[in-house]
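S.K.: Let me give you the structure first, and then I'll get to my questions.
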Amino acid sequence: GQSLEQPSEVTAVEGAIVQINCTYQTSGFYGLSWYQQHDGGAPTFLSYNALDGLEETGRFSSFLSRSDSYGYLLLQELQMKDSASYFCAVGGGNKLTFGTGTQLKVEL
Amino acid sequence: NAGVTQTPKFRVLKTGQSMTLLCAQDMNHEYMYWYRQDPGMGLRLIHYSVGEGTTAKGEVPDGYNVSRLKKQNFLLGLESAAPSQTSVYFCASSYSRTGASGSNQPQHFGDGTRLSIL
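So the sequence lines, in the order shown, correspond to chains A and B.
Using the numbering used here, the first residue of the first sequence is number 1, and each one after it goes up by one.
Using the numbering used here, the first residue of the second sequence is number 1001, and each one after it goes up by one.
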């Protein structure tokens, strides 16, 4: 089976940097993905790591360490619109298993 | 570009009633998925399909059935609705297996169906 752990809530101020961690246990691993979901909206894809290291996409970066079964999402220059839930997900076989999500609150 | 479209968007049922949720995608994706999302539980996979005519069970399949008669459509059925099935249901699709050969095949989600069962 597969299981993921991430913090339930993180609060940060506008303009700051925040890191959302994700640890996983999996019997088969095909990469770590991150999805964003605003209240009442649909999840949308943010980033994907298949190999160890850092992937950067604009203000967002994602990191993976397969030996530690650990990854994180880094959000820089936080904006109010970044207030949302963020889900890590591991791929295995034909499907994704999602974590329970981290609610990010960005304050002025 | 419609992407993934779910109908209906909202529905209220009485215990024991049946209904079908429809998911349609116009991206020619092979893989389709049905999830339910409950507070504090994240997204849990109900059933999925790897191509037309195929279906497979996910993490929480009990009480649900699915069909994939056409590549672009994936139907989720509740034969006898129960209050425990009150949830937000999301459909998603992807071009191929997520993470196949180390490549990224992100899932594209519909806007969800909010289902309440009284």
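Every residue, glycine too, gets a C-beta built ideally from N, C-alpha and C.
For the ligand FMN, any of its heavy atoms closer than 7 Å to the Cβ of L1118/B?
M.R.: Within the structure as shown, the ligand FMN is missing, as the structure has no ligands at all.
S.K.: Could you tell me which of G1112/B, G1053/B and A1002/B sits nearest to C1091/B, measuring between CA atoms?
M.R.: What you label residue 1091/B is simply residue 91 of the second sequence in a count that begins at 1. Ranking G1112/B, G1053/B and A1002/B by Cα distance to C1091/B puts G1112/B first.
S.K.: Nearest-angstrom Cα distance between T57/A and L51/A?
M.R.: Within the first sequence, the letter at position 57 stands for residue 57/A. Within the first sequence, the letter at position 51 stands for residue 51/A. Cα-Cα distance, rounded: 16 Å.
S.K.: Can you confirm whether G99/A, when its beta carbon is compared against all beta carbons of chain B, has any partner nearer than 8 Å?
M.R.: For the purposes of this step, residue 99/A is taken as the residue at position 99 of the first sequence. Taking Cβ atoms only, chain B reaches closer than 8 Å to G99/A, which makes this a yes.
S.K.: Is the shortest distance between the beta-carbon of Y24/A and the beta-carbons of chain B less than 8 Å?
M.R.: As a position in the first sequence, residue 24/A is number 24, starting the count at 1. With 8 Å as the cut-off, Y24/A does not count as an interface residue toward chain B.
S.K.: List the residues of chain A whose Cβ lies closer than 8 Å to the Cβ of P1106/B, in chain order.
M.R.: The residue given as residue 1106/B occupies position 106 in the second sequence. In chain order: S33, F45 and Y48.
S.K.: Quick one: measure Cβ to Cβ for Y48/A and G92/A, integer angstroms, because I've assumed they're closer than 8 Å.
M.R.: Along the first sequence, read from residue 1 onward, the residue named residue 48/A stands at position 48. Along the first sequence, read from residue 1 onward, the residue named residue 92/A stands at position 92. Y48/A to G92/A, Cβ: 14 Å. No contact.
S.K.: Just tell me which of A1082/B, G1016/B, Y1064/B and T1015/B has its CA closest to the CA of Y1128/B.
M.R.: Limits of chain B in this structure are 1001 at one end and 1118 at the other, which puts residue 1128/B out of reach.
S.K.: Check whether the Cβ atoms of T1015/B and A1082/B sit closer than 8 Å, and answer yes or no.
M.R.: Translated into positions along the second sequence, residue 1015/B becomes position 15. Translated into positions along the second sequence, residue 1082/B becomes position 82. Closer than 8 Å, so yes.
S.K.: Whole-angstrom Cβ separation of Y1033/B and Q1085/B, contact assumed at under 8 Å?
M.R.: In the second sequence, the residue the question calls residue 1033/B occupies position 33. In the second sequence, the residue the question calls residue 1085/B occupies position 85. 17 Å between Cβ atoms; not a contact.
S.K.: Do L78/A and A12/A have their CB atoms nearer than 8 Å?
M.R.: Residue mapping note: residue 78/A aligns to position 78 of the first sequence, counting from 1. Residue mapping note: residue 12/A aligns to position 12 of the first sequence, counting from 1. Yes, the pair counts as a contact, with Cβ atoms nearer than the cut-off.
S.K.: Using DSSP's beta-bridge definition, name the partner residues of N1073/B.
M.R.: Translated into positions along the second sequence, residue 1073/B becomes position 73. N1073/B is bridged to A1024/B.
S.K.: Could you say if the segment 1066-1079 of chain B and the segment 87-104 of chain A meet the contact criterion of at least three C-beta pairs nearer than 8 Å?
M.R.: In this structure the segment 1066-1079 of chain B does not touch the segment 87-104 of chain A; the number of beta carbon pairs closer than 8 Å is below three.
S.K.: In this structure, how does DSSP classify K81/A when only helix, strand and coil are distinguished?
M.R.: In the first sequence, residue 81/A corresponds to position 81, counting from 1. Three-state DSSP puts K81/A in a helix.
S.K.: My understanding is that Q103/A touches E14/A, with C-beta atoms under 8 Å, so please give their C-beta distance in whole angstroms.
M.R.: For the purposes of this step, residue 103/A is taken as the residue at position 103 of the first sequence. For the purposes of this step, residue 14/A is taken as the residue at position 14 of the first sequence. About 16 Å separates the two Cβ atoms, so there is no contact after all.
S.K.: Using a Cβ cut-off of 8 Å, pull out every chain A residue sitting near V1060/B, in sequence order please.
M.R.: For the purposes of this step, residue 1060/B is taken as residue 60 along the second sequence, with counting starting at 1. Chain A residues near V1060/B: none, gap ~12 Å exceeds 8 Å.
S.K.: Does the beta carbon of L1118/B come closer than 8 Å to any beta carbon on chain A?
M.R.: Locating residue 1118/B in the second sequence gives position 118, where the first residue counts as 1. No, L1118/B does not count as interfacial toward chain A.
S.K.: For R66/A, collect the residues of the same chain with a Cβ closer than 6 Å to its Cβ; drop the 5 residues on either side in sequence, then sort them by chain order.
M.R.: Taking the first sequence and counting its residues from 1, one reaches residue 66/A at position 66. Around R66/A: D52.
S.K.: Report the start-end ranges of each beta strand (DSSP E) in the segment 1033-1084 of chain B that is 3 residues or longer and not cut off at the edges.
M.R.: 1042-1049, 1064-1067 and 1073-1078
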